[in-house]
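Engineer: Heads up: the sequence lines are chains G and E, in that order.
Numbers given in this note's numbering equal positions in the first sequence, counted from 1, plus 1155.
Numbers given in this note's numbering equal positions in the second sequence, counted from 1, plus 1155.
All C-beta atoms in this analysis are idealised placements derived from N, C-alpha and C, irrespective of residue type, glycine included.
Next up is a structure, given as structure tokens.
Protein chains: 2
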Amino acid sequence: MAAIDAEAWPWRPNSSMAAARICSSRRARGIPLVPALRAPLSGGVRVSAPATLAHLVSSAPAERAAHTYGKAFRDVVRALYGDMAAAPDPVARPRDERDVVDLLEWAAGADVAVVPYGAGSSVVGGVEYRAGEHSGVLSLDLSGLVRVLEVDRVSRAARIQAGALGPGPEAQLRPYGLTLRHFPQSFAFSTLGGRLATRAGGHYATLHTHIDDLAESLRVVTPAGVSESLRMPGSGAGPSPDRLFLGSEGTLGIITEAWMRLQDRPSHKASASVVFERFPDAVEAVRAIAQSGLHPANCRLLDPGEAALSGVAPEGGSVLGVESAHGPVEGRLAELVALAREHGGSPAEEASADGDSAANTWRSAFLRMPYLRAGLARMSVISETFETACTWDRFPALYEAVHRDVGAAVRKVTGASGLINCRFTHVYPDGPAPYFTVIAAGRRGSEAAMWDEIKAAAMERLGEQGATVTHHHAVGRDHRPGYARQRPEPFALALRAAKQALDPAGILNPGVLFDAAAR
Amino acid sequence: MAAIDAEAWPWRPNSSMAAARICSSRRARGIPLVPALRAPLSGGVRVSAPATLAHLVSSAPAERAAHTYGKAFRDVVRALYGDMAAAPDPVARPRDERDVVDLLEWAAGADVAVVPYGAGSSVVGGVEYRAGEHSGVLSLDLSGLVRVLEVDRVSRAARIQAGALGPGPEAQLRPYGLTLRHFPQSFAFSTLGGRLATRAGGHYATLHTHIDDLAESLRVVTPAGVSESLRMPGSGAGPSPDRLFLGSEGTLGIITEAWMRLQDRPSHKASASVVFERFPDAVEAVRAIAQSGLHPANCRLLDPGEAALSGVAPEGGSVLGVESAHGPVEGRLAELVALAREHGGSPAEEASADGDSAANTWRSAFLRMPYLRAGLARMSVISETFETACTWDRFPALYEAVHRDVGAAVRKVTGASGLINCRFTHVYPDGPAPYFTVIAAGRRGSEAAMWDEIKAAAMERLGEQGATVTHHHAVGRDHRPGYARQRPEPFALALRAAKQALDPAGILNPGVLFDAAAR
């Protein structure tokens, strides 16, 4: 893993974080150490790389264990139980693109499945091989490719290697006064390539928030050759090559580097929070803001449950946070707050230059959540998040259906009510991206199965309501049934044909996007 | 052709337009009438539709002649000479999507090439069949599908049929206070489907200017079935289905309708023009504006030749026009003008609420140009436009190379210097979209061949300079050599495979994007 520049991570979790304490002693909490991990780590590896590639691969149990899972609830739970049935056979760490080419060539010839591994933050089974039809499974860890290779200050773009985590490039770009300004919750724990391959959404929640729009050109190693698109601010020449690889989740090729569009580091910043008594009013306020053309740097909405859980509004009420980051920003912030007032909101406090405290409270809770979840899992608490996007006209029905039907699933599975909270992580002129959190009491030993059942109910509801099965968490293996429903059938035919052309041996991330038989 | 709502066309060319006068008498100017058109219109048609589809098709010579060409210079010239060698065999006018399905089914079975025809404004040979390998050629005229089928006022979106020209939907959306606000130069003469299929750029020149970003979902008839994507404000579920069809130029399917993202009709508007003595200063000013985050509604730059030709700055100098259209706009316009001043510009006059006169002069020249060109062609004047996009760092070299090398080609082909002008039609934070106009003296009878040679030199130069072969004019048949160079080879493989999956008989617009043998 590349060195993380802590300074570059702008929102350091506070040091008293509960989750950090929970994690502080592995042995005391019954977390299995590597020697105690279950099969197949104790058995022999099924395939070994040829001598020419031996220096790139490792079959050490610790390496294999570390590359077995992503960070879904069921991953955390299975790791906790020492279940390593899905471990890859060797793990490879290419040092450059040439190594990636060589590794793919060997894998294609030896029928070895290749599972690209960025930083392992997938919550959808994206890095877990389940197909069982290949002669072996190679985890292709891109974390050696971390450099910013070139900076074009004039066009504000940089060529960045795909294995770079969030903070590294930010530190390297700071001397130029530039930033990628793409801050997913997993900022410090996700790679550029992983974000491109999964169409990740950033923390800045309006305008160009998806990494798709920030990619100027991509370099992708496929078994059929290396694809490099031209750097272009825009083009009308045929379907966009980049858009085929964006979202391909390692099934069409391995992204090795990208020219990314950058921004000047913001010189001004102001934010405000507004409280609403009625959630529907808050939704209307957010819609007005999203359609205003004001493009706030940020616009988050927490429903009453989410506001209470994160400590932002313990007394109830929905909370809207807005943020502006251009030129002199006070005027624009005032316009945003005025829009919120028109829809029944009350500013929580005066806006201040360094961010208001409700926003800070929420941000802190937001960043702590993944740590906290690992701790909760140890107490058999089931926590699940799923996110979607829908047009504004469909949101009220979707919100109601999720509460009603996922709530019923939680009661059926756990025998008790759980918490179902919602926030808007991103808003577009034509609709919000709601993010739901479900927290419920699990039974020790059955957590993963219970999670599966709740998750299936959630997916079903999203599909019925015409909402996307995922807005930024990717499809992976876990969302495939919902994806199969969302994707138009002729497009599925075209995409499968494209895969067969680029990956004729069917070795690239089998089981993701396509059923594993698609090879 | 749908009725054009003249009221909805906001910039009516003035009535004294020279081009209109030139066109006023066909007979007097030697323009051939239908009976005098050359082969194969006089011969029999090669294929005829089955009885069940007979009511949809026509082989009348006037229909066939009207569907033979687009609006490229060489199209205008060949039409002028009465050369109809490329005429389609029958012309079909489906009344609804079901008709499109039936026509494709017949064509696939009868080996009839299908060339989709919107309003025939292609300048890249997009509607001209040249392959010669099929048993016949059907021109599929979508102009019967013109309705706005549904409006979602809350999400600001409408479901619009693909054959609608620009003004029709605008008139139907006005009562809702909504606008698509996509105004290509061909606004009144291009269909929604044609713009989607070619990734058209609109007149509003920053932020979401390409129609790609305005499309919420598409319905596409392919020989392998009808593809309909879900309406989504955003999605991270696999590669975007819409992005495969956007830019596919009729080679993968026929777009029949789309949900389009709309905007509120602007309530405020202000514009200003700024004059620069030095073109490089003007380029820097535009870059600063494009990277400012101010997102002006419009930002056009004319180089000295273009400014003089359009009558905006007869005394020389580069002219920058900016426009703002949100909430109270004066403040934002002042910020834009201040940025231009910082780079050496002088405001041409006071900004006024109804647009300044330099902007009006330019707009009028802009709208008149296509009419004027038809007149110029009759005087054997060669006029060619080509447009591109490149990152800012490459623009100075590109500008110089085009002037030097295309200038040399003009001298070689015509024996005299021509005019080579440039303007930025669109600007992005990472680069401009320069649009070049070449005007040169042709020799009667050789105009098309001379044009071909100049065009080839221009394409060559764009490729060498790493600029896109087209920013919004599409690839068609004329840009295919340049496109083959721009497109990464593995992507070409994938796209060809996708085409074979969707169009196994290879009937869809043969020769566009792919060589005609790709079937």
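#1: Establish whether the CB of E:Y1638 and some CB of chain G are separated by less than 7 Å.
#2: What are the uninterrupted segments assigned as beta strand (DSSP E) that are 3 or more residues long and contained completely in the segment 1331 to 1416 of chain E, given in chain order?
#3: Less than 7 Å between the C-beta atoms of G:R1219 and G:A1241, yes or no?
#4: DSSP three-state label for E:N1453, please.
#5: Straight-line CA distance for G:V1267 to G:L1385?
#6: Going along chain E in order, which residues have a C-beta closer than 8 Å to the C-beta of G:E1371?
#7: With a cut-off of 8 Å, do at least 3 Cβ pairs link the segment 1637 to 1648 of chain G to the segment 1587 to 1599 of chain G?
#8: Name the residue from G:E1539, G:P1551 and G:V1474 whose alpha carbon lies nearest to the alpha carbon of G:R1518.
#9: Under the three-state reduction of DSSP, which class applies to G:I1444: helix, strand or coil?
#10: When you compare the CB positions of E:P1394 and G:S1403, do they come within less than 7 Å of one another, or not?
#11: With E:G1321 and E:G1275 assumed to form a contact (beta carbons below 8 Å), what rounded beta-carbon distance in angstroms separates them?
#12: Note down the Cα distance separating E:E1497 from E:H1365, rounded to an integer number of angstroms.
#13: Which residues in chain E sit within 8 Å of G:A1312, going by Cβ to Cβ distance?
#14: Would you call the segment 1269 to 1283 of chain G and the segment 1622 to 1637 of chain G touching, i.e. three or more CB-CB distances under 8 Å?
#15: Would the beta-carbon of E:Q1418 fall within 7 Å of that of E:T1334?
#16: In the DSSP assignment, find the alpha helix (DSSP H) that holds G:L1488 and state where it starts and stops.
#17: Determine the chain E residues that contact G:E1608 at a beta-carbon separation under 9 Å, and present them in chain order.
#18: Cutting at 6 Å between CB atoms, please list the residues of its own chain near E:A1163, excluding the five before and the five after it.
#19: Determine the DSSP secondary structure at G:N1664, reduced to helix, strand or coil.
#20: By how many angstroms is the C-alpha of E:G1357 removed from the C-alpha of E:G1621?
#21: Starting from E:Y1590 and walking both ways along the beta strand (DSSP E), at which residues does that stretch end?
#22: Where in the segment 1281 to 1305 of chain G do unbroken runs of the beta strand (DSSP E), each at least 3 residues long, occur, reported from the N-terminal end onward?
#23: Got a sec? Which residues, its chain only, sit under 7 Å from E:H1363 by beta carbon, not counting five neighbours each side?
#24: First and last residue of the beta strand (DSSP E) that includes E:T1543?
#25: Using the three-state DSSP reduction, which class does E:D1607 fall into: helix, strand or coil?
#26: Spatial neighbours of E:R1350 within its chain, please: C-beta separation below 6 Å, excluding the five flanking residues on both sides.
#27: For E:L1494, collect the residues of the same chain with a Cβ closer than 7 Å to its Cβ; drop the 5 residues on either side in sequence, then sort them by chain order.
#28: Pop quiz: G:R1578 and G:E1432 are said to be a contact at Cβ under 8 Å. What is the actual Cβ separation, rounded to whole angstroms?
#29: Please say whether E:L1401 and E:R1455 have beta carbons closer to each other than 7 Å?
#30: How would you write the range of the alpha helix (DSSP H) that G:R1314 sits in, first residue to last?
#31: Go ahead and pull the three-state DSSP assignment for G:Q1620.
#32: Starting from E:L1657, trace the alpha helix (DSSP H) both ways and give me its first and last residue.
#33: Can you list, in chain order, the residues of its chain whose CB lies under 6 Å from that of G:F1344, leaving out five sequence neighbours each side?
#34: Is the CB of G:V1255 under 7 Å away from at least one CB in chain A?
#35: In the DSSP assignment, find the unbroken alpha helix (DSSP H) run with E:R1253 in it and report its ends.
#36: Based on DSSP bridge pairs, tell me the residues matched to G:F1431.
Structural biologist: Concretely, from the data shown:
#1: For the purposes of this step, residue 1638 of chain E is taken as residue 483 along the second sequence, with counting starting at 1. Yes, contact with chain G.
#2: 1370 to 1377, 1380 to 1383 and 1409 to 1416
#3: Here residue 1219 of chain G refers to the residue found at position 64 when the first sequence is read from its first residue. Here residue 1241 of chain G refers to the residue found at position 86 when the first sequence is read from its first residue. Their beta carbons are not under 7 Å apart, which means G:R1219 does not touch G:A1241 by this criterion.
#4: Mapped onto the second sequence, residue 1453 of chain E falls at position 298. Of the three classes helix, strand and coil, the one that applies to E:N1453 here is strand, per DSSP.
#5: Looking up residue 1267 of chain G in the first sequence gives position 112. Looking up residue 1385 of chain G in the first sequence gives position 230. So the two alpha carbons sit approximately 31 Å from each other.
#6: Within the first sequence, numbered from 1, the residue matching residue 1371 of chain G stands at position 216. Correct list: T1546 and D1585.
#7: no
#8: Taking the first sequence and counting its residues from 1, one reaches residue 1518 of chain G at position 363. The residue from G:E1539, G:P1551 and G:V1474 with its alpha-carbon nearest to that of G:R1518 is G:V1474.
#9: As a position in the first sequence, residue 1444 of chain G is number 289, starting the count at 1. Residue state, collapsed to three classes: helix.
#10: Position 239 of the second sequence, counted from the start, is the residue given in the question as residue 1394 of chain E. Position 248 of the first sequence, counted from the start, is the residue given in the question as residue 1403 of chain G. Yes; because the gap between Cβ atoms is below 7 Å, this pair is in contact.
#11: In the second sequence, counting from the first residue as 1, residue 1321 of chain E sits at position 166. In the second sequence, counting from the first residue as 1, residue 1275 of chain E sits at position 120. 14 Å between Cβ atoms; not a contact.
#12: Position 342 of the second sequence, counted from the start, is the residue given in the question as residue 1497 of chain E. Position 210 of the second sequence, counted from the start, is the residue given in the question as residue 1365 of chain E. The C-alpha of E:E1497 lies about 29 Å from the C-alpha of E:H1365.
#13: Residue mapping note: residue 1312 of chain G aligns to position 157 of the first sequence, counting from 1. In chain order: T1546 and D1585.
#14: Contact between the segment 1269 to 1283 of chain G and the segment 1622 to 1637 of chain G is present, because at least three Cβ pairs lie under 8 Å.
#15: For the purposes of this step, residue 1418 of chain E is identified with residue 263 of the second sequence, where counting begins at 1. For the purposes of this step, residue 1334 of chain E is identified with residue 179 of the second sequence, where counting begins at 1. Going by C-beta atoms, E:Q1418 is nearer than 7 Å to E:T1334.
#16: What you label residue 1488 of chain G is simply residue 333 of the first sequence in a count that begins at 1. Residues E1485 to E1497.
#17: If you number the first sequence from 1, residue 1608 of chain G lands on position 453. Ordered by position in chain E, no residue passes the 9 Å Cβ test against G:E1608, which lies about 22 Å from the chain.
#18: Locating residue 1163 of chain E in the second sequence gives position 8, counting from the first residue. Note that E:A1163 scores a pLDDT of 36, beneath 50, so its modelled location is shaky and nothing firm can be said.
#19: Counting from 1 along the first sequence, the entry for residue 1664 of chain G is found at position 509. Looking at G:N1664 - three-state DSSP - the assignment turns out to be coil, as it is neither helix nor strand.
#20: Position 466 of the second sequence holds residue 1621 of chain E. Position 202 of the second sequence holds residue 1357 of chain E. Spanning the two alpha carbons is a distance of roughly 23 Å.
#21: Along the second sequence, read from residue 1 onward, the residue named residue 1590 of chain E stands at position 435. Where E:Y1590 is concerned, the enclosing beta strand (DSSP E) stretches over G1586 to A1596.
#22: Segments of the beta strand (DSSP E) lying fully in the segment 1281 to 1305 of chain G: 1291 to 1296.
#23: Residue mapping note: residue 1363 of chain E aligns to position 208 of the second sequence, counting from 1. Within the same chain, E:H1363 has close Cβ partners L1369.
#24: Counting from one through the second sequence, the residue named residue 1543 of chain E turns up at place 388. Segment: none, E:T1543 is in no beta strand (DSSP E) and carries neither H nor E.
#25: What you label residue 1607 of chain E is simply residue 452 of the second sequence in a count that begins at 1. In the structure shown, E:D1607 sits in a helix (DSSP, three-state: H, G or I).
#26: In the second sequence, the residue the question calls residue 1350 of chain E occupies position 195. Excluding positions up to five away in sequence, the list reads I1366.
#27: In the second sequence, counting from the first residue as 1, residue 1494 of chain E sits at position 339. For E:L1494, where only same-chain residues beyond five positions count, the Cβ hits under 7 Å are A1440, A1443, I1444 and S1447.
#28: Translated into positions along the first sequence, residue 1578 of chain G becomes position 423. Translated into positions along the first sequence, residue 1432 of chain G becomes position 277. For a cut-off of 8 Å, the C-beta gap from G:R1578 to G:E1432 is around 17 Å, too long to register as a contact.
#29: Counting from one through the second sequence, the residue named residue 1455 of chain E turns up at place 300. Counting from one through the second sequence, the residue named residue 1401 of chain E turns up at place 246. Contact flag unset, no.
#30: Residue 1314 of chain G sits at position 159 when you count from the first residue of the first sequence. Premise fails: G:R1314 lies in the beta strand (DSSP E), A1312 to Q1316, not in any alpha helix (DSSP H).
#31: Looking up residue 1620 of chain G in the first sequence gives position 465. In this structure, G:Q1620 counts as coil in the three-state DSSP scheme.
#32: By one-based count along the second sequence, residue 1657 of chain E stands at place 502. Run containing E:L1657: E1644 to L1657, per the alpha helix (DSSP H) assignment.
#33: Numbered from its first residue, the first sequence carries residue 1344 of chain G at position 189. These residues qualify, in order along the chain: A1274 and S1276.
#34: Considering every chain present, this structure includes no chain A. Its protein chains are G and E.
#35: Locating residue 1253 of chain E in the second sequence gives position 98, where the first residue counts as 1. Per DSSP, the unbroken alpha helix (DSSP H) holding E:R1253 starts and ends at E1252 to A1265.
#36: What you label residue 1431 of chain G is simply residue 276 of the first sequence in a count that begins at 1. Paired residue(s): G:S1473.
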